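Following: one structure in structure tokens, then a few remarks.
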């Protein structure tokens, strides 16, 4: 079965500092895609960043970047220059191209300390 | 643009009652999904539909049924609601496979007493 593990239920970071959220996944397949989503208190789900498994280069989106280690099945999210608006639940997700199933981790709640 | 529309926003049911959660998307997306979100459990996939006319079980399908009525609509039915089905339900859609992101509805908060 596909699984996605986020080992940090909660994290805190000082405003303007850098924080890394961890995510590991389990699969024997090679064709898949990885995502990070953000859920602020409004409950809306927002795409943060995505990564194709066949690409070695780590994805970046402004202050957000990933460290994708395919052999270790690890997909961590780095947030640089943390801002108060980054406070949210962050979910890692995994999608097999074969069957289109998308599985999420349990999430990490991120607090930003002013 | 409406995007993904879920109805209702809130619902309270008594144990044993049935109801259908409606979901419609206006983006011509191929794939549609139903998730439930519970504290500490993240989002768990109930059912999904990779294309019109197909549906597949996700991680937690027991107690639910779905219908992909057409390309736009994907409904979730609880035949006999149980307190364990108290949750926030999200519908989502995706244009195609691969790195196409999910677009989510605003969720339905369901309470079963």
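Chains as they are written, first to last, in this note's numbering: chain P, 626 to 739; chain S, 188 to 300. All C-beta atoms in this analysis are idealised placements derived from N, C-alpha and C, irrespective of residue type, glycine included. Small disclaimer: the values here were computed from a predicted structure and weren't measured.
Distance check between residue 692 (chain P) and each of P:648, P:735, P:637 places P:648 closest, using alpha-carbon atoms only. If only complete runs of 3 or more residues are kept, the stretch 646-693 of chain P shows the beta strand (DSSP E) at 649-651, 657-664, 671-677, in order along the chain. Identification of residues in the stretch 283-298 of chain S having a C-beta nearer than 8 Å to some C-beta of chain P yields 284, 285, 286, 288, 289, 291, 293, 294, given in sequence order. A direct Cα-Cα distance of roughly 33 Å separates residue 695 (chain P) from residue 214 (chain S). The CB of residue 722 (chain P) comes closer than 9 Å to the CB of 284, 285 in chain S, given here in chain order. Residue 652 (chain P) is not a Cβ neighbour of residue 681 (chain P), given a cutoff of 8 Å. For the options S:207, S:279, S:271, S:248, the alpha carbon positioned closest to that of residue 262 (chain S) is the one of S:207. Using a Cβ-Cβ cut-off of 8 Å, residue 636 (chain P) does not count as an interface residue toward chain S, since no Cβ of chain S sits closer than that to its own. When only Cα atoms are considered, residue 291 (chain S) and residue 277 (chain S) end up about 7 Å apart. Here the C-alpha atom of residue 246 (chain S) lies approximately 33 Å from the C-alpha atom of residue 638 (chain P).
Rounded to the nearest angstrom, the Cβ distance from residue 193 (chain S) to residue 259 (chain S) is 13 Å, too far for a contact under 8 Å. With a beta-carbon spacing of about 40 Å, residue 723 (chain P) and residue 642 (chain P) fall beyond the 8 Å limit used to define contacts. Chain-order list of chain P residues neighbouring residue 190 (chain S): empty, with the shortest C-beta distance near 11 Å, by a criterion of under 9 Å. The bridge partners DSSP lists for residue 258 (chain S) come to none. Contact residues of the stretch 227-258 of chain S toward chain P are 227, 228, 229, 230, 231, 232, 235, 237, 243, 245, 246 (C-beta to C-beta distance below 8 Å). Contacts with chain S at 8 Å (Cβ-Cβ) include residue 658 (chain P). Contact note: residue 220 (chain S) reaches chain P through 727, using a C-beta cutoff of 8 Å and chain order.
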